Amino acid sequence: MSAAAQEGGGIHHGPADPLFDITIPGTDFHLPIYNFVITSWVIMFILVFTAWLATRNMHRMPKGIQNVWEYIVDGLFSFFGGIMGEDRARKYGPFLGTCFLYILLSNYSGVLPGAAMIKGFVPPTNNVSITAGLAVLVFLSVFYFGIKAKGISFFKHFFQPMAFLFILNVIEELVRPVSLSLRLYGNVYGEETIVAQLGEMVPLLVPVPMMVLGLLTGAIQALVFTLLASTYIAGATEEHH
Amino acid sequence: MELVSGLIALGAAFAVGIAAVGAGVGQGIASGKAFESIARQPEVSGTIRTLLFIALAFMETLTIYGLLIAFILVGKIG
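Shown next, in the form of structure tokens:
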């Protein structure tokens, strides 16, 4: 049995041993740092650093990296505008767009050569903790944006269309983060496992078609995650007339 | 004990396998209808694509539940 297949038993919590441990001498406190945390930090650094580079010295006529970022932001905002309207897209677009870019870069970090083989280099979305964290963020932001936009009347939609459906509505709300996180995790993990298994059998060329498919899946899953998040937020903040 | 482990593994495989059949058929029908309507009216393709992705995501959720059950079952194998 291959090593990858043995690893696949149960929910995959990433590599078992942390890369290093942050400890405070004299206390019991210790904070294990896993591989995917490092990759996550690198992705965050890339996003923040390029955004800083692009906005540091802005011109009316964009050129270079500012041009690239304006293209990305413009595309994302018009995408969200199609779902929730132009003015709400401006309000909630920054959060949703950041989710999209982070997930996209995370998924694509898995196709770089050496991913999951070099220490400290594992796609973060290949881990259920990271996707669950993102889903909880979306879950909380639905409440935050909803209460901010509609006040206490946000909770009215739990009793609609009929009061006795309250329990069903609560269950629906609670299931959302579960399905969001597991969808992203399941797709990325499944794709990575298939590539690992094929690579184990035939290391050369054979995994390439699966990796190309992984490029497609990575983009679509990032899109689906943000699309669902934006429909949740749009549903929580829409005005009834 | 080995029989029990084997049965649990079979159950996990069936959980995700049968869930995938239903979701696959449903997604196929939905995508086919979406392509038909885009071919008929290419000017609304953007809206249809967005709606299609939302619908596909909801159908996929059912497979994800099967996957969740499979993970729970595989975790129970000693």
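In order, the protein sequences belong to chains D and P.
Take any residue in the first sequence, note its place counting from 1, add 27, and you have its number in this note's numbering.
Take any residue in the second sequence, note its place counting from 1, add 246, and you have its number in this note's numbering.
Where is the CB? At the ideal position from N, CA and C, for every residue including glycine.
Every value quoted in this text rests on a predicted model; they were computed, and no experiment measured them.
With respect to the C-alpha of Leu201 of chain D, the residue from D:Phe185, D:Ile70, D:Leu123 having the closest C-alpha is D:Phe185. Secondary structure at Phe260 of chain P: helix, using DSSP grouped into helix, strand and coil. In the DSSP assignment, Leu161 of chain D falls within the unbroken alpha helix (DSSP H) covering 155 to 177.
Judged by DSSP in its simplified three-state form, Thr50 of chain D adopts strand. Under the DSSP assignment, Ile318 of chain P falls in the alpha helix (DSSP H) whose first and last residues are 291 to 322. With contacts defined by Cβ atoms closer than 8 Å, Leu74 of chain D and Ala249 of chain D do not form a contacting pair. Considering only beta carbons, the part of the stretch 300 to 317 of chain P lying closer than 7 Å to chain D consists of Ile300, Ala303, Glu306, Thr307, Ile310, Leu313, Leu314, Phe317, in chain order. For Leu58 of chain D, the three-state secondary structure derived from DSSP is strand.
When Cβ-Cβ separations below 8 Å define contact, Gly292 of chain P makes contact with chain D. In the three-state reduction of the DSSP assignment, Leu139 of chain D falls in the coil class, being assigned neither a helical nor a strand state. By the CB criterion at 8 Å, Val165 of chain D and Ala256 of chain D fall inside the cutoff. Chain P places a beta carbon closer than 8 Å to that of Leu209 of chain D, counting this residue as a contact. At a C-beta separation below 8 Å, Thr244 of chain D has no neighbours in chain P, since its nearest C-beta there lies roughly 12 Å away. Its Cα nearest to that of Leu308 of chain P, the residue P:Gly263 stands out among P:Lys279, P:Gly263, P:Gly257.
The C-beta distance from Ile310 of chain P to Leu209 of chain D rounds to 5 Å, short enough to fall under 8 Å. Secondary structure note for Thr220 of chain D: its alpha helix (DSSP H) is the uninterrupted segment 193 to 228. Of the candidates D:Gln187, D:Ile49, D:Gly217, D:Gly217 places its Cα closest to the Cα of Leu240 of chain D. In this structure, the straight-line span from the alpha carbon of Leu207 of chain D to that of Met305 of chain P is close to 13 Å. Distance from the Cα of Trp68 of chain D is smallest, within the candidate group D:Glu113, D:Phe148, D:Leu103, D:Met85, for D:Phe148.
Taking 8 Å as the upper bound for CB-CB distance, Val100 of chain D and Gly124 of chain D are in contact here, some 7 Å apart. Here Phe72 of chain D is exposed, its C-beta having fewer than 16 other C-beta atoms within 10 Å. Annotation: Pro234 of chain D to Thr220 of chain D spans about 11 Å, alpha carbon to alpha carbon.
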